[in-house]
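A.B. asks:
There are 2 protein chains.
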Amino acid sequence: MGEAVTKATEAESVSDDALRGFIGYHMKRAMAVLQADLNRALKPFGLRMVSYSALVMIVENPGLRQTQLADALAIERPNLVVILDGLEEAGLITRDKVPADRRAWALNPTLKGRKLADKATAANRVDEARLLKGLPADKRALVIEVMGLIETGRGGPEA
Amino acid sequence: MGEAVTKATEAESVSDDALRGFIGYHMKRAMAVLQADLNRALKPFGLRMVSYSALVMIVENPGLRQTQLADALAIERPNLVVILDGLEEAGLITRDKVPADRRAWALNPTLKGRKLADKATAANRVDEARLLKGLPADKRALVIEVMGLIETGRGGPEA
DNA sequence: TATTGTTATACTCTATAACTATA
DNA sequence: TATAGTTATAGAGTATAACAATA
Numbered sequence: 162m163g164e165a166v167t168k169a170t171e172a173e174s175v176s177d178d179a180l181r182g183f184i185g186y187h188m189k190r191a192m193a194v195l196q197a198d199l200n201r202a203l204k205p206f207g208l209r210m211v212s213y214s215a216l217v218m219i220v221e222n223p224g225l226r227q228t229q230l231a232d233a234l235a236i237e238r239p240n241l242v243v244i245l246d247g248l249e250e251a252g253l254i255t256r257d258k259v260p261a262d263r264r265a266w267a268l269n270p271t272l273k274g275r276k277l278a279d280k281a282t283a284a285n286r287v288d289e290a291r292l293l294k295g296l297p298a299d300k301r302a303l304v305i306e307v308m309g310l311i312e313t314g315r316g317g318p319e320a
Numbered sequence: 162m163g164e165a166v167t168k169a170t171e172a173e174s175v176s177d178d179a180l181r182g183f184i185g186y187h188m189k190r191a192m193a194v195l196q197a198d199l200n201r202a203l204k205p206f207g208l209r210m211v212s213y214s215a216l217v218m219i220v221e222n223p224g225l226r227q228t229q230l231a232d233a234l235a236i237e238r239p240n241l242v243v244i245l246d247g248l249e250e251a252g253l254i255t256r257d258k259v260p261a262d263r264r265a266w267a268l269n270p271t272l273k274g275r276k277l278a279d280k281a282t283a284a285n286r287v288d289e290a291r292l293l294k295g296l297p298a299d300k301r302a303l304v305i306e307v308m309g310l311i312e313t314g315r316g317g318p319e320a
């Protein structure tokens with residue numbers, strides 16, 4: 162029987178009009194693509210998005226403590242521990258004793274860590290440029306500005 | 162003993178210069194705030210970000226099948242099943258037999274589902290407006306446009 | 001054979017409580 | 001008592017393989 166004609170070529174008839182106005186809907190999908198893309202670019206270096214961010218922050222701020230780094234990366238301290246374990250085992254950073262406070266560790270990059278951070282940063286730049294191909298610098302800056310607005314602009318959960 | 166003077170007021174000395182240029186870094190942080198905020202706004206309705214999106218899509222596209230919805234929401238079919246189980250148990254949607262294809266379910270909203278989708282959408286609009294307080298419509302549109310560019314603009318993993 | 005929905009499973013990311021050693 | 005780092009654990013979210021029913 163020839164009943165298959167009404168099948169339509171799949172998702173072409175699905176409308177997402179009601180969701181199109183929501184920034185969150187678009188950001189989630191874009192974020193998924195971007196993160197997968199970034200992690201693929203970082204894989205040759207044995208890094209993922211978060212471990213890369215941590216390494217760069219340590220290179221840029223040698224001697225900083227784990228609590229400071231966790232705050233800067235907006236992740237919880239317990240979750241940072243395993244990330245740093247990985248970086249340390251890979252010989253990219255060291256956890257050094259702080260004489261002034263024997264509870265704390267000073268995070269420092271090794272030479273290997275600094276070199277890898279540079280290479281990974283270069284790879285990331287290439288990758289992001291490809292993903293945002295043709296996006297003018299001013300538009301890119303605006304997006305970053307709006308992300309900052311969202312992040313800090315918690316109009317007030319209790320306000 | 163007065164040795165605490167060198168302690169500094171925590172993260173104020175931490176620089177993230179090297180990460181500031183990366184859209185992914187900012188998007189991830191903004192996304193975390195936005196998603197937490199959205200989920201808080203949706204909690205009174207018993208919805209989360211994904212289940213809300215699914216419900217709205219079903220209201221807007223009654224009769225669609227699960228594979229179509231999973232494609233539209235960019236989630237895997239197995240993960241959609243549990244989301245739909247929740248919506249169905251809450252009496253917001255029904256899974257109806259499709260005569261033409263006895264393997265498939267047609268997803269339809271109940272009256273209760275349609276009403277809840279309207280209320281949740283209104284709440285979301287209020288919440289997102291607060292989070293993006295003062296952001297002009299054209300800038301908002303640009304952000305959405307760039308998100309679309311990122312999502313579709315996979316310059317080519319194999320290209 | 002291929003596809004729809006499903007189950008089971010695993011892996012990542014994130015969040016919280018509680019412990020230790022220091023302060 | 002409070003804080004730095006840690007451990008253990010639980011919860012989301014996401015991804016893949018494999019199955020039954022049907023095409």
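Protein sequence lines correspond, in order, to chains A and B.
Each residue of the first sequence is one higher than the last, beginning at 162 in this note's numbering.
Each residue of the second sequence is one higher than the last, beginning at 162 in this note's numbering.
Beta carbons are placed, not taken as given, at the ideal position from N, Cα and C, and that holds for glycine.
Source: prediction; values computed, not measured.
How should A/Thr282 be labelled, buried or exposed, when 16 other C-beta atoms within 10 angstroms of its C-beta is the threshold for buried?
C.D. replies: So A/Thr282 ends up on the buried side.
A.B. asks: How about A/Val243: is its C-beta nearer than 9 Å to some C-beta of chain B?
C.D. replies: No, A/Val243 lies away from the interface with chain B (no Cβ there is under 9 Å from its Cβ).
A.B. asks: What are the residues of the region 251-285 of chain A that lie near chain B, defined by any Cβ-Cβ distance shorter than 9 Å?
C.D. replies: Listed by position along the chain: Ala261, Asp262, Ala278, Thr282 and Asn285.
A.B. asks: I want to verify the contact list: residues of chain A whose CB lies under 9 Å from the CB of B/Asn222, in sequence order.
C.D. replies: In chain order: Ser174, Val175, Ser176 and Asp177.
A.B. asks: Of all the residues that make up the region 203-223 of chain B, which are near chain A by a beta-carbon distance shorter than 8 Å?
C.D. replies: Taking 8 Å as the Cβ-Cβ cut-off against chain A, the residues of the region 203-223 of chain B that qualify are Met210, Ser214, Val217, Met218, Val220, Glu221 and Asn222.
A.B. asks: Taking only runs of the alpha helix (DSSP H) that begin and end inside the region 211-271 of chain B, which ones reach a length of at least 4 residues, in chain order?
C.D. replies: Listed in chain order, the complete alpha helix (DSSP H) runs (minimum 4 residues) inside the region 211-271 of chain B are 227-234 and 238-250.
A.B. asks: Do you know offhand how far B/Ile305's Cα is from A/Gly182's?
C.D. replies: Roughly 8 Å between the two C-alpha positions.
A.B. asks: Looking at the C-beta of B/Ala238, does it have a partner C-beta in chain A at a distance below 9 Å?
C.D. replies: A small fix is needed here, since residue 238 of chain B is Arg in this sequence, not Ala. No, B/Arg238 lies away from the interface with chain A (no Cβ there is under 9 Å from its Cβ).
A.B. asks: Going by CA-CA distance only, name the one from B/Gly185, B/Ser214 and B/Met188 that's closest to B/Leu199.
C.D. replies: Of the listed residues, the one whose Cα sits closest to B/Leu199 is B/Ser214.
A.B. asks: Compare the beta carbon distance of B/Met188 and A/Gly185 with 9 Å and say whether it is the shorter of the two.
C.D. replies: No. Outside cutoff.
A.B. asks: Spatial neighbours of A/Ala265 within its chain, please: C-beta separation below 7 Å, excluding the five flanking residues on both sides.
C.D. replies: Taken in chain order, the residues that qualify are Arg226 and Val259.
A.B. asks: Within 9 Å (strictly less), CB to CB, does A/Gln227 reach chain B?
C.D. replies: Output row for A/Gln227: interface = no.
A.B. asks: Check whether the Cβ atoms of B/Ile254 and B/Pro239 lie closer than 9 Å to each other.
C.D. replies: In this structure, B/Pro239 does not lie closer than 9 Å to B/Ile254 by Cβ.
A.B. asks: Cβ of A/Arg301 less than 9 Å from any chain B Cβ?
C.D. replies: Taking Cβ atoms only, chain B reaches closer than 9 Å to A/Arg301, which makes this a yes.
A.B. asks: Assign B/Gly274 to buried or exposed, taking buried as 16 or more other Cβ atoms, counted over all protein chains shown, within 10 Å of its Cβ.
C.D. replies: The residue in question, B/Gly274, is buried, as its Cβ has 16 or more Cβ neighbours within 10 Å.
A.B. asks: Return helix, strand or coil for A/Arg209, following the three-state DSSP convention.
C.D. replies: Coil.
A.B. asks: Could you compute how far the alpha carbon of B/Leu241 sits from the alpha carbon of B/Ala278?
C.D. replies: C-alpha separation (whole angstroms): 18 Å.
A.B. asks: Tell me whether B/Ala235 is buried or exposed, calling it buried when 16 or more other Cβ atoms sit within 10 Å of its Cβ.
C.D. replies: Answer is exposed; the Cβ neighbour count stays below 16.
A.B. asks: What separation, rounded to the nearest whole angstrom, lies between the Cα atoms of A/Ile311 and B/Ala302?
C.D. replies: Approximately 15 Å, taken between the alpha carbons.
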